[in-house]
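Notes for the one structure printed next.
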Amino acid sequence: LIMGVLNVTPDSFFDGGRFSDPAQAVARAWQIAEEGADLLDIGGESTRPGSLGVSADEELGRVLPVLEALSENYPIPISIDTSKRAVARAALERGAAIVNDITALRKDPQIGAEVAAFGAGLILMHMRGEPRNMQLLPPSPDILREVEDWSEEAVARAQSLGVSCNKIILDPGIGFGKTVQQNLEILRNLDRLAARGFPL
Numbered sequence: 244l245i246m247g248v249l250n251v252t253p254d255s256f257f258d259g260g261r262f263s264d265p266a267q268a269v270a271r272a273w274q275i276a277e278e279g280a281d282l283l284d285i286g287g288e289s290t291r292p293g294s295l296g297v298s299a300d301e302e303l304g305r306v307l308p309v310l311e312a313l314s315e316n317y318p319i320p321i322s323i324d325t326s327k328r329a330v331a332r333a334a335l336e337r338g339a340a341i342v343n344d345i346t347a348l349r350k351d352p353q354i355g356a357e358v359a360a361f362g363a364g365l366i367l368m369h370m371r372g373e374p375r376n377m378q379l380l381p382p383s384p385d386i387l388r389e390v391e392d393w394s395e396e397a398v399a400r401a402q403s404l405g406v407s408c409n410k411i412i413l414d415p416g417i418g419f420g421k422t423v424q425q426n427l428e429i430l431r432n433l434d435r436l437a438a439r440g441f442p443l
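Numbering (the numbering used here), first residue to last: 244 to 443.
Rendered as structure tokens:
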């Protein structure tokens, strides 16, 4: 499946803030669907290396106009990329089907409770450190083992908050605190990381 990414931030590493205006973001969302994406991921907080984050109110101000404009007749499922419970809940209330949490419930565990209450999907991502420092950490001595061990802990954390196993998706976090060689090693070994039965 292909996930289209829509960053409604002024400092995105991917699209340079081209869609921080709500009308432009909505138009791009429709274009993404028409181009054949299977789901749309909307993010209101940049997580590029060195980014410092924003408040929940600022993040809500960026994503809610887009979600509200798309909620009634948008043809593909929407994922909200957030690590804040308030943002996750607001997006779920407006029809989002998935919460994509790059902190894997470490920053705000109660996102898991919101996901469980709505019966939504949950993407748990592996990240070493935080966006502000993730590329400054010493490399992992065994990145595959680290991701495998992390996945057990992350899934257990989600389940303890009521998230069903069949709603969990794992993201090995390409580029988030890894070297180029480690990113390639992960890509070469996706079958090993998928062995526990969770979608990637």
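Don't be surprised by glycine CBs; every beta carbon is placed ideally from N, CA and C.
Check, Outcome
"DSSP on glycine 355, reduced to helix/strand/coil?", "helix"
"Here's a check: name, in chain order, each residue in its chain whose Cβ is nearer than 8 Å to the Cβ of leucine 387, leaving out the five neighbours to either side.", "Glu428, Ile429, Asn432, Arg435 and Leu436"
"What does the Cβ neighbour count give for isoleucine 245, buried or exposed, with the cut at 16 atoms within 10 Å?", "exposed"
"Bridge partners for leucine 286 per DSSP, in chain order?", "A small fix is needed here, since residue 286 is glycine in this sequence, not leucine. Its beta-bridge partners are Asn250 and Asp324."
"Mind reading off the beta-carbon distance from serine 322 to glycine 338? Whole number of angstroms is fine, and I expect it under 8 Å.", "With a Cβ gap of about 11 Å, serine 322 and glycine 338 do not count as contacting."
"Whether or not the stretch 280-290 and the stretch 302-319 are in contact is what I'm after, with contact meaning three or more pairs of Cβ atoms, one per stretch, closer than 8 Å; do they touch?", "yes"
"Would you give the residue range spanned by the alpha helix (DSSP H) that isoleucine 417 belongs to?", "Run containing isoleucine 417: none; DSSP gives neither H nor E here."
"Using a Cβ distance threshold of 8 Å, determine whether the stretch 355-362 contacts the stretch 378-393, with at least three qualifying pairs required.", "no"
"Beta carbon of tyrosine 317, beta carbon of alanine 266: below 8 Å?", "no"
"For a test of the three-state rule: what should DSSP assign to valine 406, helix, strand or coil?", "coil"
"DSSP has leucine 413 in a bridge; who is on the other side?", "Leu367"
"From the DSSP output, in three-state form, read off aspartate 344 for me.", "strand"
"With distances taken from CA atoms, which of Glu278, Val297, Ser407 and Gly364 is nearest valine 251?", "Val297"
"Compare the C-alpha of aspartate 351 against each of Ser326, Met370 and His369 and name the closest.", "Ser326"
"Please work out which residues of its chain come closer than 7 Å, Cβ to Cβ, to asparagine 343, disregarding the five sequence neighbours upstream and downstream, and give them in chain order.", "Asp284, Ser322, Ile323, Asp324 and Ile366"
"Could you give the first and the last residue of the continuous alpha helix (DSSP H) run that contains alanine 280?", "Note, alanine 280: premise wrong, no alpha helix (DSSP H); not H, not E."
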